[in-house]
Amino acid sequence: GDEANRQAQGILQRAAERAGFKDIEFQFEPVAAGLDFEATLSEEQTVLVVDIGGGTTDCSVLLMGPQWRDRADRQQSLLGHSGCRVGGNDLDIMLAFKQLMPLFG
902 GDEANRQAQG
912 ILQRAAERAG
922 FKDIEFQFEP
932 VAAGLDFEAT
942 LSEEQTVLVV
952 DIGGGTTDCS
962 VLLMGPQWRD
972 RADRQQSLLG
982 HSGCRVGGND
992 LDIMLAFKQL
1002 MPLFG
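Next up, the structure:
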């Protein structure tokens, strides 16, 4: 939940500070993942980015394009964000138990 996210961010913040970083900012994973795609855009588009990790799935709806690339503050381009604790590990387990295990008894 939110408390776990705050704890994780605090741990990462302290680690970055100990490593000597001064200007530290955090970004939702789908936003960071979408930045590479944004480099290919020639005009503004509304984009849905889905990040399926090992334990979570996070989705962001973003405005992306040339006019957003160099902005330090991307808050206005984030139209929506949500996540849930279902990820690739859960899908692997479901596939193994529901599809493969019956074949092998």
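Remember, the working numbering sits 901 above the position in the sequence shown when you count from 1. Ideal Cβ positions, reconstructed from N, Cα and C, are used throughout, including at glycine. For clarity, every value in this text was computed on a predicted model and none was experimentally measured.
Range covered by the alpha helix (DSSP H) that runs through residue i
i       : result
Gly1006 : Gly1006 -> no alpha helix (DSSP H), and no H or E assigned at all.
Proximity below 7 Å, CB of residue i to CB of residue j
i      : j      : result
Pro931 : Val962 : no
Phe929 : His982 : yes
Gly988 : Gly954 : yes
Pro956 : Asn906 : Just to set this straight, residue 956 is Gly in the shown sequence, not Pro. No; because the gap between Cβ atoms is not below 7 Å, this pair is not in contact.
Burial state of residue i (16 or more Cβ within 10 Å)
i      : result
Ser943 : exposed
Gly935 : buried
Cut-off 6 Å between Cβ atoms - residues of its own chain near residue i, not counting five sequence neighbours on either side
i      : result
Cys985 : Thr958
7 Å CB neighbourhood of residue i in its chain, flanking five on each side removed
i      : result
Leu964 : Glu945, Thr947, Ser978, Leu980
Residue i, enclosing beta strand (DSSP E) - first and last residue
i      : result
Leu949 : 946 to 953
Gly855 : What is shown of the chain runs 902 to 1006, which leaves residue 855 out entirely.
Spatial neighbours of residue i in its chain, beta-carbon cut-off 8 Å, leaving aside the 5 residues before and after
i      : result
Lys923 : none
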